[in-house]
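Chemist: Once you've had a glance at the structure underneath, I'll fire off some questions.
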């Protein structure tokens, strides 16, 4: 069963100056996205950054969802994470965890990035 994942923080620029909202505008429904854990993040060591298929950060998994997303991704099974649509806070994604999930691209970079 797919999990709806909210991405927040789109209003903030990336470290390299790229606009997250501009990258979100380039995303198309069904494109794979990638999750990257940020254990060294000062604001939240449990933070999970989200990157587009072009390797540009579009935001972060909403804090209240990180434990659930992490649990599914750490199980070691296949997972497919794809962009669904833009939202007021940033974007919404679909995460399909478990065996048999079609993985269009890497969806998770381990706990230590």
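Numbering (the working numbering), first residue to last: -19 to 93.
Yeah, the Cβ is synthetic: ideal placement off N, Cα and C, and Gly gets one too.
Could you give the residue range of the alpha helix (DSSP H) that holds residue 53?
Modeler: 46 to 54
Chemist: In whole angstroms, give me the CA-to-CA distance for residue 63 and residue 10.
Modeler: Cα to Cα, residue 63 sits roughly 5 Å from residue 10.
Chemist: Please name the residue in 41, 61, 72 whose C-alpha comes closest to that of residue 27.
Modeler: 41
Chemist: Can you tell me where the beta strand (DSSP E) with residue 72 in it begins and where it stops?
Modeler: 71 to 77
Chemist: At what residues does the beta strand (DSSP E) containing residue 4 begin and finish?
Modeler: Counting along the chain, residue 4 falls outside any beta strand (DSSP E), though it belongs to the alpha helix (DSSP H) covering 0 to 6.
Chemist: Which residue from -17, -2, 43, -4 puts its Cα closest to that of residue 18?
Modeler: 43
Chemist: Evaluate residue 8 with the Cβ neighbour count: other Cβ atoms within 10 Å of its Cβ, from every protein chain shown; 16 or more gives buried, anything less gives exposed.
Modeler: With fewer than 16 Cβ atoms within 10 Å of its Cβ, residue 8 is classed as exposed.
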